[in-house]
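Peer 1: This structure is in structure tokens; I'll ask about it shortly.
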Amino acid sequence: MIRLGLCCTFRDEPIKFRVATAASLGKLPRPEALTKLSALGMANADALLAALRFCHANGIGCFRVNSQILPLRTHPTVGYSMDELPSGAEVVRRFEEAGAFAREHGLRTCFHPDQFVVLNSRRPDVVEASIRELEYQAEVAEWIGADVINVHGGGAFGDKKASLDEFARALDRLSPGARGRLTVENDDRTYAPADLLPICHSAGIPLVYDAHHHRCNPDGLTVEEATGRAIATWDREPLFHLSSPIEGWDGPRPERHHDFIDLGDFPDCWRALDLTVEVEAKAKEAAVLRLKEALLRR
DNA sequence: AGCGGTCAAGTTGAT
DNA sequence: ATCAACTTGACCGCT
Numbered sequence: 010m011i012r013l014g015l016c017c018t019f020r021d022e023p024i025k026f027r028v029a030t031a032a033s034l035g036k037l038p039r040p041e042a043l044t045k046l047s048a049l050g051m052a053n054a055d056a057l058l059a060a061l062r063f064c065h066a067n068g069i070g071c072f073r074v075n076s077q078i079l080p081l082r083t084h085p086t087v088g089y090s091m092d093e094l095p096s097g098a099e100v101v102r103r104f105e106e107a108g109a110f111a112r113e114h115g116l117r118t119c120f121h122p123d124q125f126v127v128l129n130s131r132r133p134d135v136v137e138a139s140i141r142e143l144e145y146q147a148e149v150a151e152w153i154g155a156d157v158i159n160v161h162g163g164g165a166f167g168d169k170k171a172s173l174d175e176f177a178r179a180l181d182r183l184s185p186g187a188r189g190r191l192t193v194e195n196d197d198r199t200y201a202p203a204d205l206l207p208i209c210h211s212a213g214i215p216l217v218y219d220a221h222h223h224r225c226n227p228d229g230l231t232v233e234e235a236t237g238r239a240i241a242t243w244d245r246e247p248l249f250h251l252s253s254p255i256e257g258w259d260g261p262r263p264e265r266h267h268d269f270i271d272l273g274d275f276p277d278c279w280r281a282l283d284l285t286v287e288v289e290a291k292a293k294e295a296a297v298l299r300l301k302e303a304l305l306r307r
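The first sequence begins at 10 in the working numbering and counts up one residue at a time.
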């Protein structure tokens, strides 16, 4: 069975996640900033439950949680811990409630930290900030039962092998909760599946195989080969990514995402697998539902 | 109330 | 040297 995943936001459904800017919060006295952040976290926990309800009602089996679900949580100046929030305990309780709903209905949840998370950066402060961010997402993942926190390989810095060794070293600095959820995804410029598979095996982290990125950044492996090798890195249901190019594969920027998925981009060899496929398409839930229909009609 | 400029963060490669 | 790409739309502060 293919389980389709929705990424973070909705196009038509009126479910919104709130954010705030560091600049505006920084101007407020600390207690007022914390009150605002508390209210945003509360609203986002409730929005997450609404998102999961929508997914369940519409046959969408996986939901990716926005990195900003707790806005500015790890920001160097306006960042905060849950104990500092006036309603921190209630915010956590509502996240756990969302997690209970997901568990009850067999929904999978996951995280995909932003490009700023670079575990192999040459700058120690960047690695520090990356680890802080991963620990925060792991904390929320624990509340809601998410099993994947998916990152890219980071920079190459002129030497992919050395940079992947650096990546592996940073893994050792993660808590068990973050380390146990961490996965790595092939990207569209630097690290292809063949680059990552060795570290996936040596470090024991699953490969999130992105078929679109693979086509933008090939490595000699076929889709079938990459699929098989990626699956071998998972000790649970594998999770892959899919998107279609905005103006076709011959367009000027094939790495950009289209609003919807072209069924021709859905690998035939995925059809019969037990697999989560996250749909990276700008039309969001509309794209997931359209793909679901297309797969049923085949 | 409506509008436009601005948002925490890194790295790469196209122009 | 700058800029867009990586889920981008929401928020803020001005009129």
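Even glycine gets a Cβ: it sits at the ideal position worked out from N, Cα and C.
#1: What first and last residue would you give for the beta strand (DSSP E) that runs through H161?
#2: For C278, which residues of its own chain have a beta-carbon under 7 Å away from its beta-carbon, when the five flanking residues on both sides are left out?
#3: Can you check which of these residues, R182, L34, A60, is closest to Y89 by C-alpha distance?
#4: Counting Cβ pairs closer than 8 Å, one from the segment 266-273 and one from the segment 222-229, do we hit at least three?
#5: Can you give me the Cβ contacts of W152 inside the same chain, cut-off strictly under 7 Å, excluding the 5 residues immediately before and after it?
#6: Does the ligand PLP have even one heavy atom less than 7 Å from the beta-carbon of A52?
#7: Does the segment 129-140 come close enough to the segment 63-81 to have 3 or more Cβ pairs within less than 8 Å?
#8: In the DSSP assignment, what residue or residues form a beta bridge with I140?
#9: Report the option in K170, T285, T86 whose CA atom is closest to the CA atom of R39.
#10: With a threshold of 8 Å, are at least 3 pairs of Cβ atoms found where one atom belongs to the segment 122-134 and the other to the segment 90-97?
#11: Excluding sequence positions up to five away, which residues of its chain have a Cβ less than 8 Å from the Cβ of E93?
#12: Determine the contact status of T192 and V157, defining contact as a CB-CB distance below 8 Å.
#13: Can you have a look at A32 and say buried or exposed, based on whether 16 or more other CB atoms are within 10 angstroms of its CB?
#14: Quick one: Cα of G115 to Cα of H210, how far?
Peer 2: This is what the structure holds:
#1: What you label residue 161 is simply residue 152 of the first sequence in a count that begins at 1. Per DSSP, the unbroken beta strand (DSSP E) holding H161 starts and ends at 157-161.
#2: To locate residue 278, count along the first sequence from 1; it is residue 269. These residues qualify, in order along the chain: V232, E233, T236.
#3: Locating residue 89 in the first sequence gives position 80, counting from the first residue. Of the listed residues, the one whose Cα sits closest to Y89 is L34.
#4: no
#5: Locating residue 152 in the first sequence gives position 143, where the first residue counts as 1. Excluding positions up to five away in sequence, the list reads V101, F104, E105, G108.
#6: As far as ligands go, the structure on display features none, and thus does not contain the ligand PLP.
#7: no
#8: Residue 140 sits at position 131 when you count from the first residue of the first sequence. Answer by DSSP bridge pairing: none, since I140 is not bridged.
#9: Position 30 of the first sequence, counted from the first residue, corresponds to residue 39. Looking at the Cα atoms, T86 is the closest of the given residues.
#10: no
#11: Indexing the first sequence from 1 puts residue 93 at position 84. Excluding positions up to five away in sequence, the list reads L43.
#12: On the first sequence, residue 192 is found 183 positions in, with the first residue counted as 1. On the first sequence, residue 157 is found 148 positions in, with the first residue counted as 1. Yes, Cβ-Cβ distance for T192 and V157 is below 8 Å.
#13: If you number the first sequence from 1, residue 32 lands on position 23. It is exposed - the Cβ of A32 has fewer than 16 other Cβ atoms within 10 Å.
#14: One-based indexing of the first sequence puts residue 115 at position 106. One-based indexing of the first sequence puts residue 210 at position 201. Using only the alpha carbons, I get a separation of about 28 Å.
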